[in-house]
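Contents: one structure, followed by commentary.
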Amino acid sequence: MSDLHSSISWRRPVAEAAVLAALAALPLVSQDYLLLLTQVAVLALFTLSLELLVGQAGILSLGHAAFFGIGAYAAAFLALAGWEEPISGLLIAGGIAGLAGLAMAPLVLRASGLTQLMVTLCLGLMLHEAASRGRDWTGGDDGLSGFLNSPVLGLFEFDLFGVTGYLYALAVLGICFAAFTLMRAAPFGTALRGIRQNPVRMAALGTPVGARLAQAYALSAAMAGLAGALMAETTQSVALEALSFQRSAEVLIVLILGGVGSRYGALIGAAVYVLARDWLSALSPEYWLGWLGLLMMAVVLVAPRGIAGLLARVRLPRARAKTEDRA
Amino acid sequence: MSDGARLNDYALSVEDVSIRFGALQAVDGVSLQLPAGARHALIGPNGAGKSTFVGLITGTLRPDSGRVLLGGHDVTRTGFSARVRRGLVRSFQVTSLFAEMSALDSVLLAIAEREGRSARMLRPLGRYGAFVDEAGEILRSVGLIGVAKRPVSDLAYGQQRVVEIALALAARPRVLVLDEPAAGIPAGESTRLFEVLEGLPAEVALLFVEHDMHLVRRFARAVTVLAGGKVLAEGTPAHVAADPAVQDAYLGRRGAGLHA
Ligand SMILES: Nc1ncnc2c1ncn2[C@@H]1O[C@H](COP(=O)(O)OP(=O)(O)O)[C@@H](O)[C@H]1O
Ligand SMILES: [Mg+2]
Chain R
1 MSDLHSSISW RRPVAEAAVL AALAALPLVS QDYLLLLTQV AVLALFTLSL
51 ELLVGQAGIL SLGHAAFFGI GAYAAAFLAL AGWEEPISGL LIAGGIAGLA
101 GLAMAPLVLR ASGLTQLMVT LCLGLMLHEA ASRGRDWTGG DDGLSGFLNS
151 PVLGLFEFDL FGVTGYLYAL AVLGICFAAF TLMRAAPFGT ALRGIRQNPV
201 RMAALGTPVG ARLAQAYALS AAMAGLAGAL MAETTQSVAL EALSFQRSAE
251 VLIVLILGGV GSRYGALIGA AVYVLARDWL SALSPEYWLG WLGLLMMAVV
301 LVAPRGIAGL LARVRLPRAR AKTEDRA
Chain A
328 MSDGARLNDY ALSVEDVSIR FGALQAVDGV SLQLPAGARH ALIGPNGAGK
378 STFVGLITGT LRPDSGRVLL GGHDVTRTGF SARVRRGLVR SFQVTSLFAE
428 MSALDSVLLA IAEREGRSAR MLRPLGRYGA FVDEAGEILR SVGLIGVAKR
478 PVSDLAYGQQ RVVEIALALA ARPRVLVLDE PAAGIPAGES TRLFEVLEGL
528 PAEVALLFVE HDMHLVRRFA RAVTVLAGGK VLAEGTPAHV AADPAVQDAY
578 LGRRGAGLHA
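In structure tokens:
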């Protein structure tokens, strides 16, 4: 019987903390890539929120930028209104996005499959349109800028080189990743995967399936809102593009690229995507978007389960018997 | 006890339920009472409405008319999962599991749900020690302990049917409804599966759909025969098997089945 009990393994958390520490030490070595890596962190957090929705709960979305945008605009409104403390601003913005998610959940969860995709798409487009029209509030196509958050923890000012922004984004991502990891292994995450695999069977266990999915939707929206707020605070601006369909599509591409269902997929996908985009746009200023598309397609064709899935396959043969789907 | 449940109420009481699919009256005014501790078989030719009746009892279907009472409480308007939380648990005729999950995790999930812990987000499911102990006991009692950590999609079909039973047991039902639990598994294994069911606590009311009259005679104390959505006969297994109308229904449609 005792072999059924899972023992705590410290190897993974320690390795992950080591990677985080190395990344945190990077500004000591070079400050060249900080802005780019901050973008990676923001996109990784946004992608992680979609992984919670798609990879765990099995809810499809083509409009997830709605929550990213709500978080971004909320953070900007707060700073412009004089609430300049960044951490509380971030949390409030995430909370607002989460509430928006809770409000939209009944609409999205009524549908399934293509209809669900359609509902998320339309909600995203409507919000984009509203923000575009509401110039007085959102600045319309010009977006919002000219706000500045006060120093993080009252100590670290957002500096021109982006050192503070980078470390702040890294910390937020690290905390959210840890929370996601806990949630994923906990009863809640397991129940979400159960619902994705067989909702009728979950109901037969007594699970209030609709309520669980609504919770997942709100959590995912809150995390997307945190990502949006993080972008607003670290770049001190919000563009209308934060709410765009392109951003919704991009985050889905990044998730598929990294690997749906994997814990590291969002992180790997975001890093590969942002770095490849930067590299290709320098290499071929005119055609980089085409090259990027080609590269993404090639990766997904070679690795249908994303880069994380590919890495797991390389690593798995020896570890398979021991760890089952705990990656 | 708000709507007047009494001590001597049936564990499950179905009163005159009917449902129609288009032109087809699939279940037509069926009543059934299960006292605590019942071991009740539901038999009838294919298409008789057995699975539909199970759906009406458990809430996957809503009756057009009639009532379902659970421990004296009217649950006719109560949803499927809410009935499960009140102790009315079912399994499915067609195996319905979590393909990517292990039997252990599936059973743990069932226990977590029963204990109202399925929304917890901090401690890994596998580290709820008491749940793991209980899951181990259940899996041992049904003979799945050796494959507890394999994904259920890797298991043989007969073993998957047993996982269905394990999930139902983990919910600690007061009323357990099994729709052809032994469907599609070899005869020897189905006897073994029913022996597992014999280990159910005595007070659990069990209703099962089963075609094999050997198993019905051996494990059921009462039988209801459905045909064309109606109750054709009711009584002890021996009484029902001797009923000419029942023999007609079987011989007429399938030419097989009732000789024990
Ligand atoms: N959802 C449905 N829609 C239409 N007809 C159905 C549906 N479910 C079952 N039926 C029909 O109702 C009748 C009873 O089916 P069922 O309850 O599955 O029978 P049994 O389980 O006794 O074999 C069959 O004729 C079947 O085709
Ligand atoms: Mg049937």
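Residue numbers (my numbering), protein chains in the order written: chain R, 1 to 327; chain A, 328 to 587. Glycine included, every Cβ here is placed at the ideal spot set by N, Cα and C.
Proximity of R:V54 to chain A, defined by a Cβ-Cβ separation below 9 Å, is not satisfied. Put simply, the CB of A:K377 is far from chain R, with every gap to its CB atoms at 9 Å or more. The beta carbon of A:F419 sits no closer than 8 Å to any heavy atom of ligand 1. The continuous alpha helix (DSSP H) containing R:G95 extends over residues P86 to R110. For A:R501, the secondary structure class from DSSP, reduced to helix, strand or coil, is coil.
Nearest C-alpha to A:G556 among A:L396, A:N373, A:E516 and A:F425: A:N373. Against chain A, a Cβ distance below 7 Å from R:R201 picks out S423, L424 and F425. CA-CA distance, A:Q420 to R:L4, rounds to 29 Å. Shown here, A:K557 sits in a strand according to DSSP, grouped into three states. At the C-beta level, A:A426 and R:Q56 stay beyond 9 Å of one another.
Distance from the C-beta of A:L534 to the nearest heavy atom of ligand 1 is not below 8 Å. Distances between the C-beta of R:N198 and the heavy atoms of ligand 1 are all 8 Å or more. Closer than 8 Å to some heavy atom of ligand 1: that does not describe the Cβ of A:F407. For R:I268, there is no enclosing beta strand (DSSP E); the enclosing alpha helix (DSSP H) covers residues G265 to L283. Under the three-state reduction of DSSP, R:I59 is assigned to coil, being neither helix nor strand. Residues with their Cβ less than 6 Å from any non-hydrogen atom of ligand 1, running along the chain, are A:F348, A:L351, A:A353, A:G371, A:N373, A:G374, A:A375, A:G376, A:K377, A:S378 and A:T379. Just measuring C-alpha positions, the residue of R:Y168, R:G309 and R:A211 sitting nearest R:L102 is R:A211. Uninterrupted alpha helix (DSSP H) stretches at least 4 residues long and entirely within the stretch 192-219 of chain R occur at 199-204, given in chain order. Within a 10 Å sphere around the beta-carbon of R:A97 sit 16 or more other beta-carbons, which makes this residue buried. Closer than 8 Å to some heavy atom of ligand 2: that describes the Cβ of A:D506. In terms of beta-carbon proximity, A:A568 stays away from the interface with chain R, with every pair separated by 9 Å or more. A:G562 has A:V550 as its beta-bridge partners, per DSSP.
Neighbours of R:R212 in chain A, taken as residues whose beta carbon is under 9 Å from its own, are S445 and A446 in chain order. Shown here, A:F458 sits in a helix according to DSSP, grouped into three states. Residue-level contact check: A:Y455 touches chain R, since one or more beta carbons of chain R fall below 9 Å from its beta carbon. For R:L252, the secondary structure class from DSSP, reduced to helix, strand or coil, is helix. For R:S6, no beta strand (DSSP E) segment is defined, and its DSSP state is neither H nor E. A:F348 sits exposed, since fewer than 16 C-beta atoms from the chains shown fall within 10 Å of its C-beta. Assignment of R:V300 by DSSP, reduced to helix, strand and coil, places it in the helix class. Nearest to R:A270 by alpha-carbon distance, out of R:R247, R:Y287, R:E286 and R:L283, is R:R247.
For A:R366, the enclosing beta strand (DSSP E) covers residues R366 to I370. Under DSSP, no beta-bridge partner is assigned to A:S445.
Leaving aside the five residues that flank A:P390 on each side, the residues in its chain whose CB is nearer than 8 Å to its CB run, in chain order, V344, S345, I346, V354, L383 and T403. Closer than 9 Å to the CB of A:V469 there is not a single CB belonging to chain R. Proximity of chain R to A:V459 at the Cβ level (cut-off 7 Å) is accounted for by L4 and H5, in chain order. A:V411 belongs to the set of residues whose beta carbon lies under 9 Å from a beta carbon in chain R.
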